Amino acid sequence: MKIDSVDFFYLSMPEILDIGDGSQDALLVRVRAGNCEGWGECEAAPLPSIAAFVCPMSHSACKPVSASVLGQNLDEPADIGRIGKLVRGNSLDLPQAAHTLSGVDIAMWDLLGRKRGEPVWALLGYRKSFPRIPYASMLFGATPAETGGKAQKVRAQGYRAAKLGWGTYGGGKAGEDEAQVAAARGGLGDDCILLVDAGTVWGDDVASARARIESLERHRVTWLEEPFVSGALSSYRELASACRTMKLAGGEGSHDFGMARQMMDFGGVGYIQIDAGRVGGITTAKKVADYANGHGVTFVNHTFTSSLALSASLQPYAGLEGEMLCEYPVESKPLARELTGEHIERDSAGFVRAPDAPGLGLAPNPTTIKKYLVETEIKVAGKVVYRTPAL
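First residue of the sequence shown? That's 6 in the working numbering, and the numbers climb one at a time after it.
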């Protein structure tokens, strides 16, 4: 098969709020080859990602992603990796290319899985899809009372783990942050796994982060996620050394394998969190999962959007044994919830797993695409280089 077309669909909620919630818009990718098609989702700002696919060549290492994808053979898993290497090389000086490639890569795996009648995890070489413990992923409340109510709600729904993050956490006094964490622990109870996401609030300021360690460990927080920006490796390492019972988590900002490896080798993270919609797709995420598994670091998916993105994020580590955690959004906007007709639900024991169905195991709902579609056109020198395609 040859890749005939790659189409992008920019979707958005009617209003975008200034909160740490990536489910408010979406960029879907459809790849077609012969009579087959597959779908993927980029976890990135839609317009720059579309532009990276269609922009004019700037120089030999700054070509549009389309130059490395359209017309390529797609017959086996090795072809997906080959195409990804082409994109990385030909678009070396186009940073947004990694996000664009992510959605294309996911769609190629979905297409190949559907053509062969196999789930993506099987194409990756796994013999089965193991269950994961879903942690209810949500934002801190505006007050400790609201946070406690959120935690109590997911505990009542049977979740064994929960993560709260962003909001005002880390931006004020350490005592205010402790009140939020204490409320979360109180709502979850003693036997529930509690995770905290600082959302890079301290930049590279170790002292501010260190001031929270004692209270976080006292409330038995399993990990502190993204205390610093992704590149602050020495800060990560210093803070990790100061922790006793808690580990650091990070990696969602990694756009390639090298960045993720540095987080593990030099940042001292105990959990590496990879978003298949950012890192370069399922191909790169699987490479990170393999490396982590061999170097004493626990791989965890990152996703805060749709079931399509959740499925893609589960595939790279679906076949790794053990009761590993899985990020599971519980506060997604209607766009993300309605994006697919099928959803990845918890089973009777409270676990989730990558679907045992061809490709990603689910697909976007055309009605939802039409409902939230943002008609877009990009012109260069009067020539249309992108226009929202037909469904």
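Ideal Cβ placement from N, Cα and C applies to all residues, glycine included. Fair warning: this is a prediction, and the values are worked out from it, not measured in the lab.
Backbone secondary structure at P61 - three-state DSSP | Reading the sequence shown from its first residue, position 56 is the one you call residue 61. P61 falls in the coil class under three-state DSSP.
Are the region 73-91 and the region 112-119 touching by the rule of at least three beta carbon pairs closer than 8 Å?
-> Output reads yes: the region 112-119 touches the region 73-91.
Tell me where the beta strand (DSSP E) around K193 begins and ends.
-> The sequence position of residue 193 within the sequence shown is 188, counting from 1. Lys is not the amino acid found at residue 193; the sequence shown has Leu there. Looking at the DSSP string, L193 is not in any beta strand (DSSP E); the run it does join, the alpha helix (DSSP H), is 179-193.
Cβ of Y241 versus every heavy atom of the ligand FAD: is any distance shorter than 7 Å?
-> The ligand FAD is not part of this structure, which contains no ligands at all.
How would you write the range of the alpha helix (DSSP H) that S213 sits in, first residue to last?
-> As a working mapping, residue 213 is identified with position 208 in the sequence shown. In the DSSP assignment, S213 falls within the alpha helix (DSSP H) that extends over 211-223.
Residues that R137 bridges to, as DSSP identifies them = Along the sequence shown, one-based indexing puts residue 137 at 132. V357, per the DSSP bridge assignment.
If you run the structure through DSSP and keep just helix, strand and coil, what is T288?
-> Counting from 1 along the sequence shown, the entry for residue 288 is found at position 283. If DSSP states are grouped into helix, strand and coil, T288 belongs with the helices.
Go through its chain and collect everything with a Cβ distance to G282's Cβ below 6 Å, but skip five positions before and after it.
-> Numbered from 1 along the sequence shown, position 277 holds the residue referred to as residue 282. The residues are E46, C47, E48, S107, A314.
Between R351, G301, R190, which lies nearest to Q162 when the distance is taken from Cα to Cα?
-> Stepping through the sequence shown from its first residue, residue 162 is reached at position 157. Ranking R351, G301, R190 by Cα distance to Q162 puts R351 first.
When you compare only the Cα positions, how much space is there between A189 and T152?
-> Taking the first residue of the sequence shown as 1, we reach residue 189 at position 184. Taking the first residue of the sequence shown as 1, we reach residue 152 at position 147. Going by C-alpha positions, A189 is about 6 Å away from T152.
Taking N95 as part of the alpha helix (DSSP H), name the residues at either end of that continuous run.
-> Counting from 1 along the sequence shown, the entry for residue 95 is found at position 90. Counted as a single uninterrupted DSSP element, the alpha helix (DSSP H) harbouring N95 occupies residues 82-95.
Would you check if there are 3 or more beta carbon pairs closer than 8 Å linking the region 311-328 to the region 118-126?
-> The answer is yes - the region 118-126 touches the region 311-328, with three or more Cβ pairs under 8 Å.
Distance, H307 Cα to K291 Cα = Within the sequence shown, numbered from 1, the residue matching residue 291 stands at position 286. Within the sequence shown, numbered from 1, the residue matching residue 307 stands at position 302. So the two alpha carbons sit approximately 13 Å from each other.
In chain order, what residues of the same chain lie with their CB nearer than 7 Å to the CB of Y131, ignoring the 5 residues before and after it?
-> Within the sequence shown, residue 131 is the residue found at index 126, counting from 1. Same-chain partners within the cutoff: A323, G324.
May I ask you to verify whether the region 230-245 touches the region 200-212, counting CB pairs closer than 8 Å and requiring at least 3?
-> Contact between the region 230-245 and the region 200-212 is present, because at least three Cβ pairs lie under 8 Å.
For L16 versus Y391, is the C-beta distance shorter than 8 Å?
-> As a working mapping, residue 16 is identified with position 11 in the sequence shown. As a working mapping, residue 391 is identified with position 386 in the sequence shown. Cβ atoms of L16 and Y391: not closer than 8 Å.
Complete alpha helix (DSSP H) runs within the region 217-266 (minimum length 4 residues, chain order) | Counting only runs of 4 or more, we get 238-247.
Per DSSP, what kind of secondary structure is N370 in: helix, strand or coil?
-> What you label residue 370 is simply residue 365 of the sequence shown in a count that begins at 1. If DSSP states are grouped into helix, strand and coil, N370 belongs with coil.
Quick one: residues in its chain with C-beta nearer than 7 Å to the C-beta of K158, no 5 flanking neighbours on either side, listed in chain order?
-> Taking the sequence shown and counting its residues from 1, the one referred to as residue 158 is at position 153. Closer than 7 Å at Cβ, skipping near neighbours: no residue.
How long is the line joining the alpha carbons of L193 and F356, rounded to whole angstroms?
-> Within the sequence shown, residue 193 is the residue found at index 188, counting from 1. Within the sequence shown, residue 356 is the residue found at index 351, counting from 1. Approximately 18 Å between the Cα atoms of the pair.
D140 versus C331 - alpha carbon distance | For the purposes of this step, residue 140 is identified with residue 135 of the sequence shown, where counting begins at 1. For the purposes of this step, residue 331 is identified with residue 326 of the sequence shown, where counting begins at 1. Note that residue 140 is Tyr in the sequence shown here, rather than Asp. Cα-Cα distance, rounded: 6 Å.
Do you know offhand how far R242's Cα is from A265's?
-> Taking the sequence shown and counting its residues from 1, the one referred to as residue 242 is at position 237. Taking the sequence shown and counting its residues from 1, the one referred to as residue 265 is at position 260. Distance between the alpha carbons of R242 and A265: 14 Å.
Assign V385 to buried or exposed, taking buried as 16 or more other Cβ atoms, counted over all protein chains shown, within 10 Å of its Cβ.
-> The residue labelled residue 385 in the question sits at position 380 within the sequence shown. By the neighbour-count rule (16 or more Cβ atoms within 10 Å), V385 is not buried but exposed.
Alpha-carbon spacing of S311 relative to C248, whole angstroms = Position 306 of the sequence shown, counted from the start, is the residue given in the question as residue 311. Position 243 of the sequence shown, counted from the start, is the residue given in the question as residue 248. Our two residues, S311 and C248, have alpha carbons roughly 33 Å apart in a direct line.
Taking the C-alpha atoms as reference points, what is the distance between V74 and D280?
-> As a working note, residue 74 is residue 69 in the sequence shown. As a working note, residue 280 is residue 275 in the sequence shown. Answer to the nearest angstrom: the Cα atoms are 21 Å apart.
Within the region 20-74, ranges of the alpha helix (DSSP H) (whole runs, at least 4 residues) = Runs found: 51-59, 71-74.
Alpha carbon of D182 to alpha carbon of E380, nearest angstrom = Within the sequence shown, the letter at position 177 stands for residue 182. Within the sequence shown, the letter at position 375 stands for residue 380. Taking the straight line from one Cα to the other gives about 42 Å.
Output the boundary residues of the alpha helix (DSSP H) element that contains I111.
-> In the sequence shown, residue 111 corresponds to position 106, counting from 1. For I111, the enclosing alpha helix (DSSP H) starts and ends at 102-121.
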